[in-house]
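Under this note's numbering, the final residue of the sequence shown carries the number 125; numbering is consecutive throughout.
Quick reminder that beta carbons are idealized off the backbone N, C-alpha and C, glycines included.
Scroll down for the structure; my scribbles are underneath it.
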Amino acid sequence: MNNDPAKAAKVRAILATLLTIESVVVGAIGVWLIYLAVTAENVEILPLLGVLIFVALGSAGLYAAAAGFRRGKYFGRAPALLANLIAIGVSKYQFGAGLYIVAVPLLLISLITAVMAIRAIPE
């Protein structure tokens with residue numbers, strides 16, 4: 003296989019951008035959940051805290067993987083791939099619920115990012 007450093011750098015840059023977008027989206031979901039909790043009449047605190055911790059760790063993990071790819075490191079390759087494979091599975095349930103407006107973009111960005119993570123082969 004021919005490993006062209008210019009192509010590898012381009013793949014890493016695209017992958018870092020996609021992971022950053024995913025990180026921002028996950029963070030925005032956390033902000034939306036906080037808004038829903040503040041405006042709701044009844045809130046279960048412990049489940050909400052669990053979800054918010056999961057959102058914070060997920061967003062930070064995706065951002066750390068993106069930062070690593072930008073620096074030419076590959077430590078975030080497996081976590082990025084795993085997170086996107088999970089997101090592909092989540093999109094299946096979104097399709098099943100009829101939430102196509104959520105499922106289609108989630109499936110597309112997850113598939114593209116997963117393929118890019120696989121293609122991001124170290125030099």
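Three-state secondary structure assigned by DSSP to residue i
| i | result |
| --- | --- |
| Val45 | coil |
| Leu94 | First, the amino acid is wrong: residue 94 is Lys here, not Leu. In the structure shown, Lys94 sits in a helix (DSSP, three-state: H, G or I). |
| Tyr102 | helix |
| Ala122 | coil |
| Lys9 | helix |
| Arg73 | coil |
| Gly78 | coil |
Local Cβ density within 10 Å of residue i, reported as buried at 16 or more and exposed below that
| i | result |
| --- | --- |
| Ala42 | exposed |
| Phe77 | exposed |
| Gly71 | It should be pointed out that residue 71 corresponds to Phe in this sequence rather than to Gly. By the neighbour-count rule (16 or more Cβ atoms within 10 Å), Phe71 is buried. |
| Arg73 | exposed |
Sequence-distant residues of its chain with Cβ nearer than 7 Å to residue i (five each side left out)
| i | result |
| --- | --- |
| Ser93 | Ala105, Leu108, Leu109, Ser112 |
| Leu83 | Ala116, Ala119, Ile120 |
Straight-line Cα distance separating residue j from residue i
| i | j | result |
| --- | --- | --- |
| Lys117 | Leu59 | The amino acid at residue 117 is misidentified as Lys; the sequence shows Val. Taking the straight line joining both Cα atoms gives about 23 Å. |
| Ala69 | Ala122 | 14 Å |
| Lys75 | Asn44 | 45 Å |
| Thr115 | Leu50 | 28 Å |
| Ile103 | Gln96 | 9 Å |
| Arg14 | Gly91 | 24 Å |
| Ala67 | Leu101 | 29 Å |
| Ala10 | Pro81 | 19 Å |
Close beta carbons around residue i, own chain, < 8 Å, minus the five adjacent residues each side
| i | result |
| --- | --- |
| Leu54 | Gly32, Leu35, Ile36 |
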